[in-house]
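Here the numbering used here is used: the first residue of the sequence shown is 23, the next is one more, and so on.
No residue lacks a Cβ here, since even glycine has one placed at the ideal position from N, Cα and C.
See below for the structure under consideration.
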Amino acid sequence: MSPSRLDDYIGDNSAPGSASGTSTSRFFGKLNTSMIQSKFLAHPEDLGIVAVGFSGGQGKPGVDAAPTALIESGLLDQLRDELGYNLHGHDAVHNYTDLVPAQDPPHRGMKNPRAVSAVTRKIADQVYAQAREGRLVLTLGGDHSVAIGTIAGSAKAIRERLGREIAVIWVDAHADINTPETSGSGNIHGMPVSFLTGLAREEKEEFFGWLKDEHRISVKKLVYIGLRDVDAGEKRILRENGIKAFSMFDIDKHGIGRVMEMALAHIGSDTPIHLSFDVDALDPMWAPSTGTPVRGGLTLREGDYICEVVHQTGSLIAVDLVEVNPRLAPENDIGAHETVRAGCSLVRCALGESLL
Ligand SMILES: [Mn+2]
23 MSPSRLDDYI
33 GDNSAPGSAS
43 GTSTSRFFGK
53 LNTSMIQSKF
63 LAHPEDLGIV
73 AVGFSGGQGK
83 PGVDAAPTAL
93 IESGLLDQLR
103 DELGYNLHGH
113 DAVHNYTDLV
123 PAQDPPHRGM
133 KNPRAVSAVT
143 RKIADQVYAQ
153 AREGRLVLTL
163 GGDHSVAIGT
173 IAGSAKAIRE
183 RLGREIAVIW
193 VDAHADINTP
203 ETSGSGNIHG
213 MPVSFLTGLA
223 REEKEEFFGW
233 LKDEHRISVK
243 KLVYIGLRDV
253 DAGEKRILRE
263 NGIKAFSMFD
273 IDKHGIGRVM
283 EMALAHIGSD
293 TPIHLSFDVD
303 ALDPMWAPST
313 GTPVRGGLTL
323 REGDYICEVV
333 HQTGSLIAVD
343 LVEVNPRLAP
353 ENDIGAHETV
363 RAGCSLVRCA
373 LGESLL
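As structure tokens, then:
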């Protein structure tokens, strides 16, 4: 079995690019890797890993076990040995238990609001620390509430480094854009986009008041792919704000190739891209072990294709893989294994694995 601690993979945290010659082998010596030049990363061969064992944005335990399951299945070995990345980051999967208060009553209907706010604030710092070095950042969630932190950290770092706004491609069965007031469940993993765009706001630090303009993204640079279970309140938010969204209807109508062309045309070729991939975008046939599966989703190949095309833009600056829940399948059921395997495939494609 592969080791699960990140420090077995991460040799040093010295200055990025210190392993001279690595970029040459990455771009010209690795047959598994496409030869794409990065537009916005100073050190595209350096990969910052943030492993987030956190499940407080929703109610089902087990999604916190995903980073360890992904690592034990060999994902980091593949990124280092087959794709040629230098891995950076912290030396263990973070569970953030020290940030979870004993008492955390609802606020504006949100469940675990203090815990999710504190944990995502910490994640924002971790992602920012990697991104400001000019590295690509990979976050292994965790439920989708963690994207409040990952995108906040990315947006802040790219503003500082390049003076640019980032775009977000949100691949998901759900829009995750409820405000606390439109949410039926109170689960914050259904709200991250509303906080990131400023559609939902809070003054108090302990309830996401730490999110400032430097962390936020524009609704104009947000694109959804794969939607098929959108709440009535969310549909209204998408329409009123003119947010670009490609549902499964659009993928059926145009094909994933044309949808990606339209999605990238909307973003433009001069904008850094943060890809936030919820594994529940895939059909449960491919990814059954997730908290809120919805039938009628993407095939694994369509999911891989989205990742491959985003990599090919050269604009990718960060990737999240979230909502893998290896505990939801019964013991010895292959569902958890298949879901982890699908997640690894998506990440490898986003990070440059090519079929030929
Ligand atoms: Mn989601």
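- Listed in chain order, the alpha helix (DSSP H) runs fully inside the stretch 257–294 are 270–276 and 278–289, counting runs of at least 4 residues.
- For residue 251, the shortest separation between its Cβ and any heavy atom of ligand 1 does not lie below 7 angstroms.
- Linking residue 207 to residue 253 through their CA atoms gives a straight-line distance of about 11 angstroms.
- Relative to ligand 1, residue 198 has its C-beta within less than 7 angstroms of a heavy atom.
- Minimum Cα-Cα distance from residue 222 among the listed residues 130, 360, 79 and 295 corresponds to 130.
- Ranked by Cα distance from residue 87, the first of 114, 368, 349 and 372 is 349.
- Restricted to the stretch 71–133, the alpha helix (DSSP H) segments that are unbroken, complete and at least 4 residues in length are 88–94, listed in chain order.
- Residue 180: not part of any beta strand (DSSP E); member of the alpha helix (DSSP H) spanning 169–184, first to last residue.
- In the DSSP assignment, residue 149 falls within the unbroken alpha helix (DSSP H) covering 135–153.
- Between residue 295 and residue 338 a beta carbon distance of about 5 angstroms is seen, short of the 8 angstroms cut, so the two are scored as contacting.
- In this structure residue 298 touches residue 173 by the C-beta definition: roughly 7 angstroms separates them, less than 8 angstroms.
- The Cβ atoms of residue 303 and residue 341 lie no closer than 8 angstroms to each other.
- C-alpha of residue 234 to C-alpha of residue 199: approximately 18 angstroms in a straight line.
- Membership of residue 342 in the beta strand (DSSP E) is indicated by the continuous run 338–344.
- Here residue 363 carries a helix assignment [DSSP, helix/strand/coil].
- Look at residue 351 here: in three-state DSSP terms it is coil, with no helix or strand label.
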